[in-house]
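Novice: Residue numbers (the numbering used here), protein chains in the order written: chain R, 132 to 460; chain C, 19 to 432; chain Y, 74 to 362. Quick reminder that beta carbons are idealized off the backbone N, C-alpha and C, glycines included.
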Amino acid sequence: MNTATTTTTVPMSTTPARPWLTGVIIWALLLSAPIWLPMLGGYTALAGRVLVLGLAAMSFNLLLGFTGVMSFGHAAYFGLGAYGAGLTLKYLAASTPLAILGGVLLGGGLGTLFGLLISQRRGVYFAMVTVAFGQIAFYITYSWDSLTGGYDGLRGFARAPLNLGFTTIDITNNSTAFYYFLLIVFGVVTGLQALLLASPFGRTLVAIRENERRARFLGIPIERHIWMSFSISCCFTALAGAMYALLNNFADPMGLHYSLSGEIVIMTVMGGMRAFWGPLIGAALFVVLQDYISSMTVNWMSFVGMIFVLVVLFFPRGLLGMLQRGVGK
Amino acid sequence: MTTPTLPALRRRTLLKSGLAVTVLSAPPIVSARGETPVRIGMVNPLTGILSALAASEVEGARYAVERLNKKNGILGRQVELLVEDSANDVGTGVQKTRKLIERDKVDVIVGDVNSGIAYAMMGVTNELKVFHIVPGGHTDPITGVDCKWNTFRICNTTSMDAAAVTGELVRRFGKRFFFISPDYAYGQTLQNNFIRNLKALGGEFQAELLPINTSDFSATLIKAKAYKPNVLLNNMGGLAQINCMKQFTQFGMQKEMALGGALFELESVRAVPADAQAGTWAMEWWWDQPNVPEVVSYVADFRKATGKTPSARHWFALVAIESVRLAAEKAKTMDGPKMALALEGLELPPEVALSAGKAYYRAGDHQLMSDIFVGDMHPPKGNPDNVFTIGSIVTGEKAAGPVEATGCKMVHPA
Amino acid sequence: MLQLVLFNVTNGLIIGAFYVLMALGLSLILNLSNVINFAHGNFLALGGYIAYILVPFLGFWGALIVAPLITAVFGFVIERLMIRRVYTRDPVYSLLLTFGLAFIMQDACRYIWGPNGLPMTIPDSLSTPLSADLFFITWYRIFMVAIVITAVTGLFAFLRFTRVGIRIRAGTLDLDTVAALGVNVGMLRSMNFAVGSLLAGLAGVLAAGQVGLNPNMGDDLLMPSFIAIIVGGVGSLTGTLCGGLLIGVAGALTTVVWPAASEAVIYVIMLVVLVLRPRGLMGQEGMMS
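#1: Give the residues of chain C in contact with Ser274(R), contact being defined as C-beta atoms less than 9 Å apart.
#2: Return the first residue and the last residue of the alpha helix (DSSP H) that Ala252(Y) is part of.
#3: Could you check whether the Cβ of Ile109(Y) sits closer than 7 Å to any heavy atom belonging to the ligand ADP?
#4: Going by C-alpha to C-alpha distance, which of Lys322(C), Glu102(C), Pro229(C) and Gly192(C) sits closest to Gly205(C)?
#5: Determine the DSSP secondary structure at Ala346(C), reduced to helix, strand or coil.
#6: Determine the burial state of Arg236(Y): buried for a count of at least 16 other Cβ atoms within 10 Å of its Cβ, exposed for fewer.
#7: Please report the distance separating the alpha-carbon of Leu227(C) from that of Ile151(C).
#8: Curious, which full-length beta strand (DSSP E) runs of at least 3 residues does the stretch 192 to 268 of chain C contain?
#9: Based on DSSP bridge pairs, tell me the residues matched to Asp394(C).
#10: Have a look at the DSSP bridge pairing and note the partners of Gln385(C).
#11: Please classify Tyr222(R): is it buried, with 16 or more other beta-carbons within 10 angstroms of its beta-carbon, or exposed?
#12: Helix, strand or coil for Asn90(C)? Go by DSSP, reduced to three states.
#13: Under the assumption that Arg262(Y) contacts Ser106(Y) (Cβ atoms under 8 Å), give the Cβ distance between them as a whole number of angstroms.
#14: Cα separation between Gly259(Y) and Leu154(Y)?
#15: Assign Ala360(C) to one of two classes, buried (16 or more other C-beta atoms within 10 Å of its C-beta) or exposed (fewer than that).
#16: Should Lys416(C) be labelled buried (16 or more other beta-carbon atoms within 10 Å of its own) or exposed?
#17: Among all the DSSP beta bridges, which residues are the ones paired with Glu98(C)?
#18: Check the DSSP bridge columns for Phe149(C) and list the partner residues they point to.
#19: Thr161(C) and Thr175(C): beta carbons closer than 8 Å?
#20: Please determine, among Ile390(C), Gly382(C) and Asp383(C), the residue with the shortest C-alpha to C-alpha distance to Lys376(C).
#21: Take the Cβ of Ala50(C) as the centre, count every other Cβ of all protein chains shown within 10 Å, and call the residue buried at 16 or more, exposed below.
#22: Assuming Met387(C) and Gly414(C) form a contact by the criterion Cβ under 8 Å, report the distance between their Cβ atoms to the nearest whole angstrom.
#23: So what does DSSP say about Ala406(R), is it helix, strand or coil?
#24: Flag this pair as touching only if the stretch 329 to 337 of chain Y and the stretch 121 to 138 of chain Y have three or more C-beta atom pairs under 8 Å; answer yes or no.
#25: Please name the residue, chosen from Met401(R), Leu186(R), Asn380(R) and Leu416(R), that lies closest to Met453(R) on a Cα-to-Cα basis.
#26: What is the DSSP secondary structure of Tyr160(Y), counted as helix, strand or coil?
#27: Rounded to the nearest angstrom, what separates Leu93(C) and Pro55(C) at their Cα positions?
#28: How big is the Cα-Cα spacing for Thr261(R) and Met201(R)?
#29: Contact between the stretch 410 to 424 of chain R and the stretch 200 to 210 of chain Y is defined here as three or more beta-carbon pairs at a separation below 8 Å; is this criterion met?
#30: With a threshold of 8 Å between beta carbons, is Ala414(R) in contact with chain Y?
#31: For Leu232(Y), which three-state DSSP category applies?
#32: Does the structure place the stretch 323 to 335 of chain C close enough to the stretch 298 to 310 of chain C that three or more beta carbon pairs sit under 8 Å?
#33: When you compare the CB positions of Leu277(C) and Ile198(C), do they come within less than 8 Å of one another, or not?
#34: Going along the stretch 393 to 404 of chain R in order, which residues come within less than 7 Å of chain Y, judged by CB to CB distance?
#35: List the whole-angstrom C-beta distance separating Gly386(R) from Ala213(R), where the pair is believed to meet the contact cut-off of C-beta under 8 Å.
#36: Any C-beta of chain Y sitting closer than 8 Å to the C-beta of Ile390(C)?
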């Protein structure tokens, strides 16, 4: 195969000038979102969606941005996470934490199994096989009527109030409380991701991304690392999916469809796949743009498509990638 | 009325192309209550496979709003229609519903063509206590086991359509049926309802469930031919239904058995070649009712305004908008719970009902009881939209059966 | 029962032929340019709609020839303007690019021709069944298969006997050497993309006659085509050919015993292939990594 022309990646500065600054700004904005968002014509459900999809994109980016492997079927794990949470709430127990666990187990578990089959593949072939697997998962949820509600989606469950022992927090009817609940989960997960990337394991992943052959010569078991990275990424994506089910109080097959996979990828690239917070910025931009444009014209698909094309052709580094590079100079 | 020509539609609904992306819609400025327009938010799948039906509903709603604003609006206030695309995706539909309610502060929610989305939207409108009308999502539970005090539905349930058609088919062609149905909730309920009605009439059948997006029916049609039924029942939806019809005619099967089904909407009929415009079907509303003067004038006026012949979808939307007015005027408020009570049992006036029989919202399940037109599809005669001849009219009550059978237990908020 | 099975094998081959036409175009582009063309289904729709416009002027037969050519030119231009620019980058960019293109093209079709389905008229001589016994085989289906066979034979002959074809095959194996030998690789890839689009356009005209036109018409064919390629083995056009026919027949045979699973069976086949023979039926070792 023509290796020479496939994987010359765009060079990126992996160490931005002031990494903490981006983090501080982002957290300030996220914490105060319920205050400033309505003033700008937004609404809390929109912020929730940004958080959930941002989390999915950041989890996906562990694989794309930090391991250098291209999955194009991550919506499957996202959607399975949503179904896992929904099924737990509906059939097992009215417990929000248990629902999240159920989602992670279903999406992450299947992702881990599938990862075993494909960890030898690379590049577009990896992408193609992941798309196809995603469609299998999509197909199963959409045909297994009796369990999943089929084409109409899974309904008849609702997130349960959080019981902390000493007090109970009502996240069912209070949308601001639920937003902060989402934000806490988001904080914990992104914290874990940051720790993971700073660990020797995370460094090894970056080494594989930078030069797989050299890493192999150093005795690193490449396939096992890619498999583990895939598995971890799937678990976190499934967690995001579980949060999506809690946000909407239902799960539906379109949450597994490959078009959502494509959107997760574009969010990641748009925000900057080499920057830790990039995918979140991308998700925020994408969700808000789509929300506005689709209210203004039925031809929003053209605009979304145009965003894809423009980002690829003119802003391949993504927004944060460009900003940090600018500051770094 | 001081400003009868006030633009009632926000620019979002008018923009065909998005040349004006830069003009992002600002949050609405709320002025004194008396001057505030009544806001109706419509969520429908303008993109995706149901877009043709959704486009008709939006067009019908725009027309209805314009007509209303030329008169007296609702409670003397102008009406503003805000349309959002659900993109045939439940998540998007729910998000857009929240957006309309939380940000745009709409008084009423209307939608969705996709029953699954309509169903999920009911969760939101019920939680936020917003009056909700489902014009065109057919799945039974919306006004059955999962009925809600704030939701009303205009189009029929699948069981009503099935009941209306079965009798007519058995009477004209015989009792041996072969079913082809899509394998999901809607298709299964529809098929089961047909089977129940058929069994009650002493009929026999064979049935096959196929994936929703099936495009090749030869294998199934081979089986159907071998079964030698009196009637082939095509319950598929959208494109699949059309392809099934086409292959049926291409294979020359129309010479051996009759063809029929619950719904074959005008939007779909237009998409099939003339030789596949055939069979016995139910129409939930039909434009060609020469003996009803209100229909004649509505069709003429609608054609003048849009250049098109209204379909059942246009009528659903008209009824939806007019029902908001009727409920508000009877309740003398835009308050959701009061409007819901007002609409229960309310009979639509002739210029809204647009058929010879009466049409009213049944109090027990919030389902509109209206005439169902059963008849034959045929290639256009003269007018390109003259493709259906009404054979018989079945009343809504007769097709629906008693409220108890729907499984709906209506609970109003305290 | 045997008769029913035979009927369905025939029928499956007809459906499979269709997957083949679509999958071969995808496969060509994938092999030479390492690009998964997510917009391939939209090129198909475009071909169908162009034919729809041309039928009143050229008749069905004229449209059948001219519409795929116009689609090919369109593909050529798109490749020159956009896709060419991401060859040297990470594959994520080409995926996103064609994905975005798919959105734009689908929306453009809806904008120009409306969301409603449109019927396409085919000559009366083609819309009748072969005979009373073989009622499920219309002349149009026979004609479709004949066209597919002609196109596939033509494609293989083109790749074997013409200068451009030989270069494309050589480029699939070792593009660097081909470039070093002085071949204009950029132009080669553009031509190759155009040939792929031509096949998609042809499939579009045939599909329009069979199932009518709508903006989403290519979507349902994209996944089976992917699977045909994976099952047949990436890198092998013969493999794609066999893969397409295999899943077509498998789907049709499943309809005999369990109709609701006829769509699922192709995914099962793919999983089995991935587990037992990851390189696909005819793929070479190492081609997928």
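Specialist: For this structure:
#1: The residue you call residue 274(R) lines up with position 143 of the first sequence. Within chain C, the residues near Ser274(R) are Asp201, Tyr202 and Pro229.
#2: One-based indexing of the third sequence puts residue 252(Y) at position 179. Start and end: Leu248 to Ala253.
#3: For the structure depicted, the ligand ADP is absent and the ligand set is empty, with no information on it obtainable.
#4: Here residue 205(C) refers to the residue found at position 187 of the second sequence. Cα-wise, what sits closest to Gly205(C) is Pro229(C).
#5: Here the question's residue 346(C) lines up with position 328 in the second sequence. Reduced to three states, the DSSP call for Ala346(C) is helix.
#6: Counting from one through the third sequence, the residue named residue 236(Y) turns up at place 163. When all chains shown are included, Arg236(Y) counts as exposed.
#7: Taking the first residue of the second sequence as position 1, residue 227(C) is located at position 209. Taking the first residue of the second sequence as position 1, residue 151(C) is located at position 133. If you take the alpha carbons of Leu227(C) and Ile151(C), they lie about 31 Å apart.
#8: 194 to 200, 222 to 228 and 249 to 252
#9: The count along the second sequence starts at 1 and reaches residue 394(C) at position 376. Looking at the DSSP assignment, Asp394(C) forms a beta bridge with Thr298(C) and Thr407(C).
#10: Within the second sequence, the letter at position 367 stands for residue 385(C). BP columns for Gln385(C) point to Arg171(C).
#11: Within the first sequence, the letter at position 91 stands for residue 222(R). Exposed: under 16 other Cβ atoms inside 10 Å.
#12: Here residue 90(C) refers to the residue found at position 72 when the second sequence is read from its first residue. Looking at Asn90(C) - three-state DSSP - the assignment turns out to be coil, as it is neither helix nor strand.
#13: Reading the third sequence from its first residue, position 189 is the one you call residue 262(Y). Reading the third sequence from its first residue, position 33 is the one you call residue 106(Y). Right, the Cβ-Cβ distance comes to about 5 Å (below 8 Å), so this counts as a contact.
#14: As a position in the third sequence, residue 259(Y) is number 186, starting the count at 1. As a position in the third sequence, residue 154(Y) is number 81, starting the count at 1. The alpha-carbon atoms of Gly259(Y) and Leu154(Y) are separated by roughly 12 Å.
#15: The residue given as residue 360(C) occupies position 342 in the second sequence. By the neighbour-count rule (16 or more Cβ atoms within 10 Å), Ala360(C) is buried.
#16: To locate residue 416(C), count along the second sequence from 1; it is residue 398. Its Cβ having fewer than 16 others within 10 Å, Lys416(C) is exposed.
#17: Counting from 1 along the second sequence, the entry for residue 98(C) is found at position 80. DSSP, once it has assigned bridges, lists Arg57(C) as partnering Glu98(C).
#18: Looking up residue 149(C) in the second sequence gives position 131. Val126(C), per the DSSP bridge assignment.
#19: Numbered from 1 along the second sequence, position 143 holds the residue referred to as residue 161(C). Numbered from 1 along the second sequence, position 157 holds the residue referred to as residue 175(C). Result yes, Cβ atoms of Thr161(C) and Thr175(C) sit closer than 8 Å.
#20: Within the second sequence, the letter at position 358 stands for residue 376(C). Selected option, being the one with the closest Cα: Ile390(C).
#21: One-based indexing of the second sequence puts residue 50(C) at position 32. Caution applies to Ala50(C), whose pLDDT of 42 falls short of 50 and renders its modelled position unreliable; the value that the coordinates give is listed next. Looking at its Cβ environment, which holds fewer than 16 other Cβ atoms inside 10 Å, Ala50(C) is exposed.
#22: To locate residue 387(C), count along the second sequence from 1; it is residue 369. To locate residue 414(C), count along the second sequence from 1; it is residue 396. Met387(C) to Gly414(C), Cβ: 3 Å. Contact.
#23: One-based indexing of the first sequence puts residue 406(R) at position 275. Ala406(R) falls in the coil class under three-state DSSP.
#24: no
#25: Along the first sequence, read from residue 1 onward, the residue named residue 453(R) stands at position 322. Answer by Cα proximity: Met401(R).
#26: Reading the third sequence from its first residue, position 87 is the one you call residue 160(Y). Residue state, collapsed to three classes: coil.
#27: Here the question's residue 93(C) lines up with position 75 in the second sequence. Here the question's residue 55(C) lines up with position 37 in the second sequence. Cα to Cα, the separation comes out at about 10 Å.
#28: Reading the first sequence from its first residue, position 130 is the one you call residue 261(R). Reading the first sequence from its first residue, position 70 is the one you call residue 201(R). Distance between the alpha carbons of Thr261(R) and Met201(R) is about 9 Å.
#29: no
#30: By 1-based counting over the first sequence, the position of residue 414(R) is 283. For Ala414(R), the answer is no, since every Cβ of chain Y falls outside 8 Å of its Cβ.
#31: Reading the third sequence from its first residue, position 159 is the one you call residue 232(Y). Leu232(Y): helix per DSSP, three-state reduction.
#32: yes
#33: In the second sequence, residue 277(C) corresponds to position 259, counting from 1. In the second sequence, residue 198(C) corresponds to position 180, counting from 1. No, Cβ-Cβ distance for Leu277(C) and Ile198(C) is not below 8 Å.
#34: Gly393, Val396, Ile397 and Val400
#35: Translated into the one-based positions of the first sequence, residue 386(R) becomes position 255. Translated into the one-based positions of the first sequence, residue 213(R) becomes position 82. At roughly 5 Å, the Cβ-Cβ gap stays under 8 Å, so Gly386(R) and Ala213(R) are in contact.
#36: Taking the second sequence and counting its residues from 1, the one referred to as residue 390(C) is at position 372. Answer no: the Cβ-Cβ gap between Ile390(C) and chain Y never drops below 8 Å.
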